[in-house]
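Residue 0 is where the sequence shown starts when you use numbering that gives the first Met the number 0, and the numbers rise one by one after that. Beta carbons: idealized from backbone N, C-alpha and C, even for Gly. To keep things clear, I will list the structure first and then write my remarks on it.
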Amino acid sequence: MQLAPSILSADFINLQRDVSALEAGGADLLHVDVMDGHFVPNLAFGPQVVQALRPITKLPLDVHLMMSHPEAYIDMFAAAGADTIMVHFESTPHIYHALQLIAQHHVKPGVVINPGTPVDALKSVLPLVGQVLIMTVNPGFGGQAFLPSTLEKVAHLDQIRQTDTTLTFDIEVDGGINDQTIQQAARAGADIFVAGSYIFGGHSVAEQITKLKGLIE
Ligand code: DX5
Ligand code: ZN
0 MQLAPSILSA DFINLQRDVS ALEAGGADLL HVDVMDGHFV PNLAFGPQVV QALRPITKLP
60 LDVHLMMSHP EAYIDMFAAA GADTIMVHFE STPHIYHALQ LIAQHHVKPG VVINPGTPVD
120 ALKSVLPLVG QVLIMTVNPG FGGQAFLPST LEKVAHLDQI RQTDTTLTFD IEVDGGINDQ
180 TIQQAARAGA DIFVAGSYIF GGHSVAEQIT KLKGLIE
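Okay, here's the thing in structure tokens:
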């Protein structure tokens with residue numbers, strides 16, 4: 000079980016301070032949201048931010064690309080120091096190629112599905128990925144409410160990897176994760192939990208991380 004705080008809810012003027020607090024507070028990964036204003040109706044973080052983060056933290060950088068034509072930017076994010084690069088199934092007609100490209104850079108490839116995309120759509124790419132991210136909100140903004148209908152997709156995916164033991168991916172959930180929903184997602188089979196507003200919305204990030212980790216360990 001791993002907790003991946005999303006820096007989308009950080010104080011951007013004090014990003015280094017916030018990242019240090021997350022690392023000291025027990026974060027397992029750092030989730031970095033990339034948005035292009037086209038695939039999702041918001042803008043966030045380019046490769047320069049990943050590059051700036053790389054030397055200031057030991058935490059693996061979990062890069063979530065919410066962008067059209069992601070294959071054109073994989074080189075840049077890999078060179079910037081991403082440890083995982085995740086591309087949306089819906090964002091490209093060449094998902095297979097995009098995942099192959101990520102693996103060629105010795106970066107962990109991940110595929111992401113929106114709430115409206117079924118798990119079955121992923122069948123042919125599951126052998127290529129180290130991680131599957133099930134969006135538990137519509138992508139684009141922090142602070143939205145968790146969509147309970149996504150839980151059965153997590154359970155379905157967990158069942159697929161239990162049936163076929165050649166598949167080795169982790170299941171990650173992203174959006175609306177708090178002290179209630181994290182337990183529901185864990186029970187359904189998720190291993191990695193992204194949380195933004197819950198972690199930054201409390202008294203201290205360390206306290207919030209401890210609360211969430213206490214519920215899944
Ligand atoms: C939403 C992003 C999330 C976001 C989650 O599109 O992918 O990573 O930061 O934020 P919360 O935890 O506030 O829902
Ligand atoms: Zn994300």
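Beta-carbon gap between D35 and S67 smaller than 8 angstroms: yes
Go through its chain and collect everything with a Cβ distance to V136's Cβ below 8 angstroms, but skip five positions before and after it. P114, Q143, A144, F145, L146, D173, G174 and G175
Per DSSP, T130 forms a beta bridge with which residues? According to the sequence shown, residue 130 is Gln rather than Thr. Partner(s): G109 and D169.
Quick check on I176: does DSSP put it in helix, strand or coil? coil
Would you kindly work out how many angstroms separate the C-alpha atoms of R16 and L211, rounded to a whole number? 21 angstroms
Which of helix, strand or coil does DSSP assign to D32? strand
Which residues have their C-beta within less than 6 angstroms of a heavy atom of ligand 2, listed in chain order? S5, H30, D32, H63, D173 and V193
Integer Cβ distance of L127 from V111, believed to fall under 8 angstroms: With a Cβ gap of about 14 angstroms, L127 and V111 do not count as contacting.
Distance between E151 and D178 (C-alpha atoms, nearest Å): 19 angstroms
What would DSSP say about V136, mapped onto helix, strand or coil? coil
Sort H30, A79 and D190 by Cα distance to M65 and report the nearest one. H30
Compute the Euclidean distance between the alpha carbons of L214 and I181, then round it to the nearest angstrom. 8 angstroms
Looking only at its own chain, which residues have a Cβ that is under 8 angstroms from the Cβ of E55, when we skip the five neighbours before and after it? A quick correction: the sequence has Ile, not Glu, at residue 55. Here the set comprises Q15, V18 and S19.
Any heavy atom of ligand 1 closer than 7 angstroms to the Cβ of I112? no
Helix or strand or just coil, what does DSSP make of V153? V153 falls in the helix class under three-state DSSP.
Considering only DSSP beta bridges, list what L60 is partnered with. L29
When the distance is taken between beta carbons, is F44 closer than 8 angstroms to H87? A distance of 8 angstroms or more separates the beta carbons of H87 and F44.
Beta-carbon separation of A79 and Q50 under 8 angstroms? yes
Nearest candidate by alpha-carbon position, reference K57, set D27, Q99, V193 and P69: D27
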